[in-house]
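A.B. asks: Numbering (the numbering used here), first residue to last: 6 to 321.
Here's a structure for you.
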Amino acid sequence: MAFSQAVSGLNAAATNLDVIGNNIANSATYGFKSGTASFADMFAGSKVGLGVKVAGITQDFTDGTTTNTGRGLDVAISQNGFFRLVDSNGSVFYSRNGQFKLDENRNLVNMQGLQLTGYPATGTPPTIQQGANPTNISIPNTLMAAKTTTTASMQINLNSSDPLPSVNAFDASNADSYNKKGSVTVFDSQGNAHDMSVYFVKTGDNNWQVYTQDSSDPTGTADHAMTLVFNANGVLTSNPTANITTGAINGADPATFSLSFLNSMQQNTGANNIVVTTQNGYKPGDLVSYQINDDGTVVGNYSNEQTQLLGQIVLA
C-alpha cells in the first residue's frame with residue numbers, strides 16, 4: 006500500500022507540473038486562461054488512505070494583462086463572457102481570444118477563420134437590432150450615400166448701433182447695401198455642396214431683413230427669406246425659422262431645408278458676429294477606417310467626416 010500511495014503522489018505531482026508547464030508555454034498566448042491542479046484524498050475502507058489523486062484542473066477566469074496592439078480589430082473581454090464564433094457549417098464555438106481580422110468577404114474572423122457573430126445594424130441611419138439572431142459581422146467597403154440637408158442653423162449677434170446701409174435697395178453684389186454677410190454649406194440629393202450666402206440688412210431699430218442666395222448656382226438670385234425682430238432687450242421675438250430651397254445643379258434634386266436663427270441676439274457689442282452654424286447633410290464618403298468601441302459596437306469612419314454603425318459584438 007505504501008508503494009501505491011507514493012506512486013499516486015508522484016503521478017499527481019507530474020500532472021501538476023504538466024499544468025504549470027502548460028501555463029508557462031502559453032504565457033504569451035492571447036486569451037489563454039491559466040489552470041490550477043486541484044488534489045483530493047483517496048480513501049479506503051480503513052483509516053489509512055490510498056494516496057492522492059487529481060480532482061480536476063480549474064481555470065482562472067480573472068482578467069489578465071491587457072496589451073495595446075495598435076490594431077482596431079483586437080479586443081479584450083473584461084470579466085465574464087466569450088466571443089461567439091461560427092464555422093462554415095454553422096457550428097458554434099466560444100473563445101476569449103479577441104484577435105480578429107477581415108477575410109476575403111470582409112467578415113470579421115479569428116486567426117483560425119471562424120466568423121465572429123453579433124447583432125446587425127440596419128435601417129437609415131443604421132441602428133443596432135438588439136435581440137435579433139446573431140449573424141456574421143462584416144465591414145462593407147461600400148460608399149456611404151449622401152444625405153440631403155433638411156435643417157440648418159445660424160446663431161448671430163447683431164450690433165444694435167449699426168447704421169442703416171448707405172444703399173437703400175439690397176444688392177448682393179454691393180456690400181454697401183447690407184450690414185453683414187455669412188454663409189452655410191448645405192448638400193443636395195447627390196451630395197453637391199451649396200454655399201448659401203446669408204445677408205443681414207438693418208431696416209430700423211430692432212428690425213433686420215434676411216436674404217439668401219445659392220452662390221453655387223450660377224443662375225441663382227438673392228431671395229428675401231425673413232424678417233428678424235428683436236425686443237428692447239435684444240431678444241429675438243419673431244419666428245426664428247425660414248424655409249430655404251437651393252438651386253438645382255448637376256441633375257440633382259434641390260435641397261429644401263429650414264434655416265433657424267434661434268438664440269440669436271441684438272446687442273451693442275461691436276462688430277456683427279456669427280457665433281456658430283450647423284447643418285445635418287453631408288456628401289458621399291468612402292470608408293477610411295473602423296474601430297470596435299468599449300460596448301462592442303463596430304463603427305466605420307468615412308471620408309466625409311461621418312461615422313456609421315456596422316454591427317455589435319455579442320458575448321455569450
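Where is the CB? At the ideal position from N, CA and C, for every residue including glycine.
Is it the case that the Cβ atoms of F175 and V206 are separated by a distance below 8 Å?
C.D. replies: Mapped onto the sequence shown, residue 175 falls at position 170. Mapped onto the sequence shown, residue 206 falls at position 201. Result yes, Cβ atoms of F175 and V206 sit closer than 8 Å.
A.B. asks: Around the C-beta of N27, are 16 or more other C-beta atoms found within 10 angstroms, so that it is buried, or is it exposed?
C.D. replies: The sequence position of residue 27 within the sequence shown is 22, counting from 1. The residue is exposed, with fewer than 16 neighbouring Cβ atoms inside 10 Å.
A.B. asks: DSSP on L267, reduced to helix/strand/coil?
C.D. replies: As a first step, residue 267 must be located in the sequence shown, where it is residue number 262. In this structure, L267 counts as coil in the three-state DSSP scheme.
A.B. asks: With respect to the beta strand (DSSP E) encompassing L90, which residues constitute its N-terminal and C-terminal limits?
C.D. replies: The residue labelled residue 90 in the question sits at position 85 within the sequence shown. That run of the beta strand (DSSP E) goes 88–91.
A.B. asks: Whose C-alpha, out of D167, S93, G77, F235, is nearest the C-alpha of G103?
C.D. replies: Indexing the sequence shown from 1 puts residue 103 at position 98. Nearest of D167, S93, G77, F235 to G103, Cα basis: G77.
A.B. asks: Short check: CB of N268 to CB of F235, under 8 Å?
C.D. replies: The count along the sequence shown starts at 1 and reaches residue 268 at position 263. The count along the sequence shown starts at 1 and reaches residue 235 at position 230. No, Cβ-Cβ distance for N268 and F235 is not below 8 Å.
A.B. asks: Nearest by alpha-carbon distance to L241: which of A227, M270, N298, D222 is it?
C.D. replies: Along the sequence shown, one-based indexing puts residue 241 at 236. Cα-wise, what sits closest to L241 is M270.
A.B. asks: Exposed or buried, L22, counting other C-beta atoms within 10 Å across all chains shown (16 or more means buried)?
C.D. replies: As a working mapping, residue 22 is identified with position 17 in the sequence shown. Per the 10 Å Cβ criterion, exposed.
A.B. asks: Counting C-beta neighbours from all protein chains within 10 Å, is the total for V215 16 or more, i.e. buried, or is it exposed?
C.D. replies: Here residue 215 refers to the residue found at position 210 when the sequence shown is read from its first residue. Under this definition V215 is a buried residue.
A.B. asks: Three-state secondary structure (DSSP) at T147?
C.D. replies: Residue numbering aside, residue 147 sits at position 142 when the sequence shown is read from its first letter. Of the three classes helix, strand and coil, the one that applies to T147 here is coil, per DSSP.
A.B. asks: Can you tell which of N162, T302, P289 has the C-alpha that lies nearest to the C-alpha of G239?
C.D. replies: Indexing the sequence shown from 1 puts residue 239 at position 234. Among N162, T302, P289, the Cα nearest to that of G239 belongs to N162.
A.B. asks: Starting from the C-beta of S410, find all residues in its chain whose C-beta is less than 6 Å away, skip the five residues before and the five after it, and write them out in chain order.
C.D. replies: Given that the chain is displayed from residue 6 to residue 321, the structure contains no residue 410 and the question cannot be resolved.
A.B. asks: Return the CA-CA distance between L320 and G86, expressed in angstroms with no decimal places.
C.D. replies: Locating residue 320 in the sequence shown gives position 315, where the first residue counts as 1. Locating residue 86 in the sequence shown gives position 81, where the first residue counts as 1. Computed Cα separation, rounded: 6 Å.
A.B. asks: Who are the Cβ neighbours of M149 in its own chain at under 7 Å, not counting the five residues just before and after it?
C.D. replies: Within the sequence shown, residue 149 is the residue found at index 144, counting from 1. Only P289, G290, Y307, N309, Q311, Q313 meet the Cβ criterion.
A.B. asks: One question on the structure: do T140 and P125 come within less than 8 Å of each other, judged by their Cβ atoms?
C.D. replies: As a first step, residue 140 is located in the sequence shown; it is residue number 135 there, counting from the start. As a first step, residue 125 is located in the sequence shown; it is residue number 120 there, counting from the start. Taking 8 Å as the Cβ cut-off, T140 and P125 qualify as a contacting pair.
A.B. asks: Can you tell which of Q135, I142, K186 has the C-alpha that lies nearest to the C-alpha of M159?
C.D. replies: By 1-based counting over the sequence shown, the position of residue 159 is 154. Of Q135, I142, K186, the residue nearest in Cα terms is K186.
A.B. asks: Under three-state DSSP, which class holds I142?
C.D. replies: Working through the sequence shown from its first residue, we reach residue 142 at position 137. Three-state DSSP puts I142 in coil, outside helix and strand.
A.B. asks: Secondary structure at A30, three-state DSSP: helix, strand or coil?
C.D. replies: Your numbering for residue 30 matches position 25 in the sequence shown. Reduced to three states, the DSSP call for A30 is helix.
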